[in-house]
Amino acid sequence: MNAIQDLLTLMFFPGGLFVLALGMSYEWIDRKLMARVQNRVGPRWFQPYADIAKLLVKEEVIPADSNRLLFIALPILALAGALTAALYVPLAGFDPLYSFKGDLIVTLYLLSLLTVCTGLAGANTTDRFSLVGATRTLTQLFSYEAPFLLAMLGPAVAARSWQINEIIADADGQWLLIVQPVGFVVALIGLLGKLEIAPFNAPEAETEIVAGALTEYSGRGLALFRLGRHVELVVGLTMVAAFYMGGVNGLPLFILKTLLLLLILVGIQSLVARLRIDQTVGLWWRWGVLLVLAQWLALVIWEGVQA
Amino acid sequence: MDTTVPQRFVVPIGPQHPALKEPGHFEFTVDGEQVTGASVRLGYAHRGIEKATEGRNWVQNLYLLERICGICSHVHATAYCLGVEKLAGVTAPPRAQAIRLLVAELERIHSHLLWLGVAAHEAGFDTLFMYSWRDRETVMDILEALTGNRVNYSANLLGGVKFDLTPELTDQIYAGLELLEERTHQYVDVVTSDATLLQRTRGVGVTTREQAEELGLVGPTARASGVERDIRAEAPYAAYSDFPVKVVTATAGDLEARFVVRLQELFEAYRLIRAVLEKLPPGDLQARMPRKIKPAETISRVEAPRGELFYFIKSNGTDQPERIKVRTPTLCNLASVCVLAIGSQLADVPMILAGVDPCFSCNDRMVTVYSGDTDHTQWTWKQLRQYGIDYYRR
Amino acid sequence: MKRHTLLQYAIRSLFRRTATQRYPAERTPTPERLRGTLHWNPDGCTGCCLCSKECPANAIEIITIDKAAKQFVARYHADRCIYCGQCVINCRFGCLTMSSEEWENAALQKQAFTVYYGDVPNVERVLEGFVTQDSASNSPA
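Quick look at the structure:
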């Protein structure tokens, strides 16, 4: 009996299909808002579903000079990583499905899996655009990952725990973004970098390198990568909302807070030009890391003094 | 680890590439993100228009030449009309000349707004792209209401123009200009103050004045480097002698300067259009043109939105031209891309390319290079076929 | 003149009417001068063929039924036409007009692009093949 229930939670609600549907809906909201800011009509509500459905039925072309196994396995791995990460965060306001000591670190690394897989997928082909894209993806990974991790550790230090549900319980009702503004900003902007959206979309800058690392992907593989991206958007928004905006108890609060964050993301995304990859790295290591480190140190000292 | 000779890593841009809306092929050799070599191959959009003009009469050629470029169709027709009128010894009436100027400046507005959008898109600034193209619709609607078409306006006739202004159209143009002027102020603000855009434009693709002179740049690209070169001011044609143009220049020579020069030219265009509307000379729209033109040859130069457009026209006494040669501004400017790209970041290359506002379909024309002592101007069918077979066997 | 920063403008844009529209459902009226499908009115035509001689695309053919009685049929190739309007300028008798309403000219069959104008009996005679005047005599090239 228990096994069936577990399976249902994993496959349908609130894991699995529910996360996918949520991810695609958020993608639609993102695109629609973007369109409205740009004075366009924008897509209808089913457009992301239609896109994915179309990609799934289309032929997948596997380049002759790439490793076939890797080419097929990487998108699956990427989506699996994102979906697994979704199990450890309070999706839709429910308690995390699974929880153990140190799951914060595991979740953060699972989220990076998508980026690593994208980079590897690019490096797996001999296409020039893919190779340049892969280099840029991985360079960007190294630039935002450390600050993003530190930003996520801020609330953990405050809660003196590495377990997501304990951190949330501790942060419940307190808007940590007031006491840790730097962490909040870095986490939010880190999310932009993680999802490769403007201004950090140099790895897939279409006017330079077509589609970056995923240039050679078509059909199913591309659909899976995109689904992974959608899921990661939801997971990332949930984590930032839960950590910094006083928790996400219940569905209405979850939707309200994540949509507010999404609106900010759309705002940033629509009002900036793309940064060059060297400018991205410079921005993160010159400002992001130093600021978040300073705040982190202050936090640790403060906790030490209190203890 | 790898101590062997570093392999050349070539990034091809084109003939099909999202950065280029028209076919052209660029090969950039890169070392990491640094560009170390550049080459260009053109000719994908060669259509044989110059040869085709020789089998059509003077009137038919007007419409053929108008279709050389989809963005600056009016200037091509104007250059041709002015040249043919000069050959036939006909002068278009003043009202027609003023309307030619009016349409040319409206076209310049539409071309520069289009360029602003394309350049913003290359920089990844899609909101600016969408806004500028939305506002471009205003001027497109004006052109459509004035001439009846959005792309190939066909406003010109040999010896005059087809369309007259009505009071309603004048009101529509005034209203459109007011809106566009307000929006252009915002664009100037954005391109000179937006931090992320400035990171991509300030100090990127710097062309010094000397380089601009040496490479023979024309149009706004040259004016952004401080070269005061504008046919409208140097050799006024149509009604430009009655409505003088103030040449807009900048000294920086980088991409930001090119943005600013083009946007400032928009203000100049608004001013010119208002001046023309206020002091539109009365009179006829068309002078009579002879069907046949006595043997002679002439050149005709006009300032297209991208720079100097040059026509050579030769008549032979029939109703068809003997030879027409066109030189479009893109060809003059394209060489600078290969020079500027070397040493810059790969990410900046599309920006540098867009910075000259290339128009490949305008540009692609037959060029004969003489080498050795064999006559390459004439090929037999057999030779041509053999050349094709050899070319594709490689 | 009010000036806004891009952020203010973007926020205002959120609540503005969109610039794009769902085309077949919504449509803007076309301007009066729009150059659409060409129409030929047989009344007044003298068969001078100035329209077809200077047509850059050889889209018009004037077929003579009876020169003395001024009976002509115009065969108009909408697929060749480049909508330049030169023929309308050339016609001294005002027989040619361009519609500002008919501009969505896509069709599935190529036949739809060959349009005959003229008096019904004359057009029928042409369609039945009784008049076999070669169109090349009318158009240059």
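From first to last, the protein sequence lines are chains X, D and V. Quick note: the first sequence uses the numbering used here, first residue 1, plus one each step. Quick note: the second sequence uses the numbering used here, first residue 308, plus one each step. Quick note: the third sequence uses the numbering used here, first residue 702, plus one each step. For every residue, glycine included, the Cβ atom is placed at its ideal position computed from N, Cα and C. Predicted, not measured: the structure shown is a model, and the values here were computed from it.
Chain V contact for residue i (CB, 8 Å cutoff)
i	result
residue 652 (chain D)	no
residue 185 (chain X)	no
residue 235 (chain X)	no
residue 599 (chain D)	no
Beta-carbon neighbours of residue i, restricted to chain X and to distances below 9 Å
i	result
residue 543 (chain D)	Simply none; closest approach about 38 Å.
Residue i: contacting residues in chain D (beta-carbon distance under 8 Å)
i	result
residue 755 (chain V)	364, 366, 367
residue 210 (chain X)	324, 325
Per-residue contacts from residue i into chain D (C-beta, under 7 Å)
i	result
residue 795 (chain V)	Those within 7 Å of residue 795 (chain V) in chain D number zero; the least Cβ separation is about 15 Å.
Extent of the continuous alpha helix (DSSP H) run through residue i
i	result
residue 444 (chain D)	433-454
residue 167 (chain X)	164-171
residue 207 (chain X)	206-209
residue 548 (chain D)	Looking at the DSSP string, residue 548 (chain D) is not in any alpha helix (DSSP H), and its letter there is neither H nor E.
residue 576 (chain D)	562-585
residue 762 (chain V)	No alpha helix (DSSP H) contains residue 762 (chain V), which is instead part of the beta strand (DSSP E) from 761-767.
residue 181 (chain X)	181-194
residue 383 (chain D)	380-395
residue 816 (chain V)	No alpha helix (DSSP H) contains residue 816 (chain V), which is instead part of the beta strand (DSSP E) from 815-818.
residue 174 (chain X)	From DSSP, residue 174 (chain X) is part of no alpha helix (DSSP H); its letter is neither H nor E.
Chain X within 8 Å of residue i, Cβ atoms only
i	result
residue 787 (chain V)	no
residue 347 (chain D)	no
residue 503 (chain D)	yes
residue 311 (chain D)	Residue confidence is low: residue 311 (chain D) scores 49 on pLDDT, short of 50, so the model does not pin down where it sits. No coordinate-derived value is stated.
residue 551 (chain D)	no
Extent of the continuous beta strand (DSSP E) run through residue i
i	result
residue 341 (chain D)	341-348
residue 629 (chain D)	628-634
residue 730 (chain V)	First-last for residue 730 (chain V): undefined, no H or E at that position.
residue 216 (chain X)	Segment: none, residue 216 (chain X) is in no beta strand (DSSP E) and carries neither H nor E.
residue 619 (chain D)	614-622
residue 608 (chain D)	603-611
residue 320 (chain D)	316-320
residue 336 (chain D)	332-338
residue 739 (chain V)	739-741
C-beta neighbour in chain D for residue i, strict 8 Å
i	result
residue 720 (chain V)	yes
residue 739 (chain V)	no
residue 844 (chain V)	This structure gives no information on residue 844 (chain V), because the portion of chain V shown stretches from 702 to 842.
residue 730 (chain V)	no
residue 116 (chain X)	no
residue 734 (chain V)	yes
residue 207 (chain X)	yes
residue 201 (chain X)	yes
residue 31 (chain X)	no
residue 274 (chain X)	yes
residue 836 (chain V)	Reliability of the predicted coordinates at residue 836 (chain V) is poor, the pLDDT of 45 falling under 50, and no value is obtained from them.
Chain V contact residues for residue i, given Cβ-Cβ distances below 8 Å
i	result
residue 497 (chain D)	707
residue 36 (chain X)	714, 715, 719
residue 271 (chain X)	707, 708, 711
residue 456 (chain D)	735, 736, 784
Residue i beta carbon near the ligand MG (any heavy atom closer than 7 Å)
i	result
residue 523 (chain D)	In the structure on display, the ligand MG does not appear, and there are no ligands present to speak of.
Interface residues of chain D facing residue i [CB-CB closer than 9 Å]
i	result
residue 278 (chain X)	340, 652, 654
residue 216 (chain X)	Going along chain D, no residue has its Cβ under 9 Å from residue 216 (chain X), so there is no contact; the nearest lies around 15 Å.
Neighbouring residues, chain X, relative to residue i (Cβ below 8 Å)
i	result
residue 723 (chain V)	41
Sequence-distant residues of its chain with Cβ nearer than 7 Å to residue i (five each side left out)
i	result
residue 479 (chain D)	449, 452
residue 311 (chain D)	Here residue 311 (chain D) scores only 49 on pLDDT, less than 50, and its place in the model should not be relied on; the value that follows carries that caveat. Excluding sequence neighbours, residue 311 (chain D) sits near nothing in its chain.
residue 101 (chain X)	162, 163
residue 550 (chain D)	408, 579, 582, 583
residue 791 (chain V)	751, 752, 755
Cβ neighbours of residue i in the same chain (closer than 8 Å, five flanking residues each side left out)
i	result
residue 375 (chain D)	356, 383, 633, 635, 668, 669
residue 379 (chain D)	414, 418, 611, 612, 613, 616, 666, 669
residue 624 (chain D)	599, 600, 601, 602
Partners in chain V for residue i, counting only beta-carbon separations shorter than 7 Å
i	result
residue 251 (chain X)	Under the 7 Å cutoff, chain V gives no residues; its nearest Cβ is about 25 Å from residue 251 (chain X).
residue 464 (chain D)	790
Residues near residue i in its chain [Cβ-Cβ closer than 6 Å; skip 5 each side]
i	result
residue 393 (chain D)	605
residue 347 (chain D)	333, 645
residue 627 (chain D)	364
residue 327 (chain D)	321
9 Å Cβ cut-off: residues of chain V touching residue i
i	result
residue 563 (chain D)	Within 9 Å Cβ-Cβ: nothing; residue 563 (chain D) doesn't reach chain V, min ~16 Å.
Task: Ordered list of alpha helix (DSSP H) runs contained in the region 232-303 of chain X, each at least 4 residues - done: You should have 251-270, 277-283.
Open item on the list: Please give me, in chain order, every unbroken run of the alpha helix (DSSP H) with length at least 4 that falls completely inside the region 769-811 of chain V.
Closed with: As far as the region 769-811 of chain V is concerned, its whole alpha helix (DSSP H) runs of at least 4 residues are 787-791.
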